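In terms of the working numbering, the sequence shown opens at residue 536 and continues consecutively.
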Amino acid sequence: MSESRFDVIIQGAGMNGLVLARALALQGWRIAVLDTQPVQRWTEADGGLRVIAVTVASERILQRLGVWQDMRRISPFRAIQAWDGVAGGCVRFESAQIDEPHLGHIIENRLIQTVLFDRLQQDDNVSFLIPAAVAAIEADDERARVTLRDGRRLQAKLVVGADGVNSPIRKLCRIPVDGYDYRQSGLVATITTELPHGEVARQRFLPDGPLAFLPLSDGRCSIVWSQPTAEAERRLALDEAAFCAELTEASAEMLGQVTGCGPRGAFPLRSQQARSYIAPRVALIGDAAHVIHPLAGQGANLGFLDAAVLAEEVERAGKAARDIGGEAVLRRFQRRRRGDNVLMQATMDGFHYLFGSGAPWLALPRSAGLNIVDRLPPLKAFFMRRAMGLVPDLPQLAR
Ligand SMILES: Cc1cc2nc3c(=O)[nH]c(=O)nc-3n(C[C@H](O)[C@H](O)[C@H](O)COP(=O)(O)OP(=O)(O)OC[C@H]3O[C@@H](n4cnc5c(N)ncnc54)[C@H](O)[C@@H]3O)c2cc1C
536 MSESRFDVII QGAGMNGLVL ARALALQGWR IAVLDTQPVQ RWTEADGGLR VIAVTVASER
596 ILQRLGVWQD MRRISPFRAI QAWDGVAGGC VRFESAQIDE PHLGHIIENR LIQTVLFDRL
656 QQDDNVSFLI PAAVAAIEAD DERARVTLRD GRRLQAKLVV GADGVNSPIR KLCRIPVDGY
716 DYRQSGLVAT ITTELPHGEV ARQRFLPDGP LAFLPLSDGR CSIVWSQPTA EAERRLALDE
776 AAFCAELTEA SAEMLGQVTG CGPRGAFPLR SQQARSYIAP RVALIGDAAH VIHPLAGQGA
836 NLGFLDAAVL AEEVERAGKA ARDIGGEAVL RRFQRRRRGD NVLMQATMDG FHYLFGSGAP
896 WLALPRSAGL NIVDRLPPLK AFFMRRAMGL VPDLPQLAR
């Protein structure tokens, strides 16, 4: 059977795989994008349950990829407010304090995926193979030869695993992961509240896990309520009135009564880091490489940066007529991304344990810490820039 030739094969048409596909398509490479599932389309009436807080760095990436203007429903937030739900310490970050118009946007995952997918349909150099999945990869000095589960054969210089938390590409390459289950689920829903959200993203740290209210442009809020999995299952089964009553209480009425709630869903939460992001002619990006607690809304944003950095290293190698799937490219990609991702993961784990700890001796210093940050403008500016994704060594696409 003949082999179809590509420059890059990307497994996974999630947000991160599609961001990478578009970045590489703009450079002119021949790309194959594989997925076992068709992209679930966003519609005005059904945007799906999941949203992400998109950082300013990710916004710039989406702008440079020519898709930002097609995001039809985006909700800017101009402030972030966080409370200790036990001892009451509080910090508020305002975009005006650092002369920025906003700190980020809330956007439905499905909308990001749909807009990228539709844009990529117009790129002649991108082929979607759906449904398809990689069954085997053989790498040599020249190329990677890929066999799909249905027996088709492809070849490319580089294969990318953007195939999520259980990444089959990572498993094929026998790359181990370090990680653990938080034994929590993130309960998500869209809710209506008595008081307006005022374009503020709010988070209340509770002993069972953080509760976030993310402001939407239609006046509602999207919630991410991290809690023990058994509690999440119990709350999924409550009727709407009982659920709203529990949510009102957990939120300490930060937006008054919760008056209505749409469909609910819960997603298991993990912390996970691949020991390596690379193998011969293979790179891992997004959740395939790292998974973090959603409390700071950074998971997908880190994946966007992985995609932008990998695309930048591929471009650099291409311009120098070097091998785009060679070891030098892969090593530079890993060096630029893994440390940053490990640091963010450790920070999220630290927050999770600090605020989830029932130890009474921790409550006061923890709460005092929030109050101190609130009164120190330089420290606040530092945290705000991190939350906006404005980290050192940003790829060109995010500058
Ligand atoms: C409750 C919750 C809230 C969150 N909030 C935020 C937030 O505010 N901000 C943020 O940045 N992040 C957030 N995240 C994290 C974010 O959702 C993920 O990091 C992101 O969706 C991962 O995208 P991905 O493209 O890497 O993987 P995925 O979205 O998992 O996509 C992987 C793709 O690979 C495909 N695939 C799998 N196996 C195969 C195979 N064998 N062959 C072919 N294809 C395959 C799948 O079908 C899928 O399309 C949150 C996460 C949770 C759970």
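The beta-carbon is built from N, C-alpha and C at its ideal position, and this holds for glycine as well.
Small disclaimer: the values here were computed from a predicted structure and weren't measured.
Check, Outcome
"Ligand 1 heavy atom lying under 6 Å from the CB of Leu-925", "no"
"Cutoff 7 Å; reference Leu-730; Cβ partners in own chain excluding five residues on either side", "Leu-790 and Gly-791"
"Rounded C-alpha distance that separates Tyr-522 from Gln-807", "The structure shown does not extend to residue 522, since the chain is modelled only from 536 through 934, so no value can be given for it."
"Three-pair Cβ contact test at 8 Å for the stretch 750-766 versus the stretch 863-873", "no"
"Straight-line Cα distance separating Asp-570 from Leu-683", "11 Å"
"Three CB pairs or more closer than 8 Å across the stretch 846-855 and the stretch 821-831", "no"
"Residue range of the unbroken beta strand (DSSP E) whose run includes Arg-664", "In the sequence under discussion, the amino acid at residue 664 is Leu, which differs from the Arg named in the question. 661-664 is the extent of the beta strand (DSSP E) around Leu-664."
"Unbroken stretches of the alpha helix (DSSP H), 4 residues or longer, contained in the stretch 617-690", "644-656"
"In chain order, each beta strand (DSSP E) run of at least 3 residues that lies wholly inside the stretch 701-767", "712-728, 735-741, 744-750 and 756-763"
"Option in Val-589, Gly-904, Phe-740 and Asp-653 with minimal Cα separation from Trp-577", "Asp-653"
"Three-state class that DSSP yields for Leu-925 in the structure shown", "coil"
"Check: Gln-880 C-beta below 6 Å from any heavy atom of ligand 1", "no"
"Per-residue DSSP class, three states only, for Leu-830", "helix"
"According to DSSP, residues forming a beta bridge with Arg-805", "Asp-716"
"Candidates Glu-862, Asp-909, Leu-693 and His-640, of which the one nearest Met-606 by Cα", "His-640"
"Bridge-paired residues (DSSP) for Ile-566", "Val-543 and Val-661"
"Alpha carbon of Glu-766 to alpha carbon of Ala-772, nearest angstrom", "10 Å"
"Buried versus exposed call for Tyr-812 [16 or more other C-beta atoms within 10 Å across all chains shown]", "buried"
"Phe-740 beta carbon near ligand 1 (any heavy atom closer than 6 Å)", "no"
"Gly-800 versus Gly-696: straight-line alpha-carbon distance, rounded", "27 Å"
"Nearest to Asp-713 (by Cα), restricted to the options Gln-719, Leu-722 and Asn-701", "Asn-701"
"Distance CB(Leu-899)-CB(Ala-622) smaller than 7 Å", "yes"
"Residue range of the beta strand (DSSP E) that includes Val-694", "693-696"
"Status (buried if at least 16 other CB within 10 Å, exposed otherwise) for Asp-850", "Reading the sequence as shown, one finds Glu at residue 850 and not Asp. Burial call: buried."
"Reduced DSSP category for Val-602 - H, G, I as helix; E, B as strand; rest coil", "coil"
"Residue range of the unbroken alpha helix (DSSP H) whose run includes Ala-907", "Position check: residue 907 holds Ile in this sequence, whereas Ala was assumed. Element bounds for Ile-907: 895-910."
"Span separating the alpha-carbon of Ala-724 from that of Gln-616", "20 Å"
"Chain-order list of residues whose beta-carbon lies under 7 Å from that of Pro-763 (same chain, five-residue window excluded)", "Arg-718, Gln-719 and Asp-743"
"The stretch 579-598 / the stretch 658-673 touching (three or more Cβ pairs under 8 Å)", "no"
"Residue range of the beta strand (DSSP E) that includes Val-586", "586-589"
"Meets three-Cβ-pair contact criterion under 8 Å: the stretch 881-895 and the stretch 550-564", "no"
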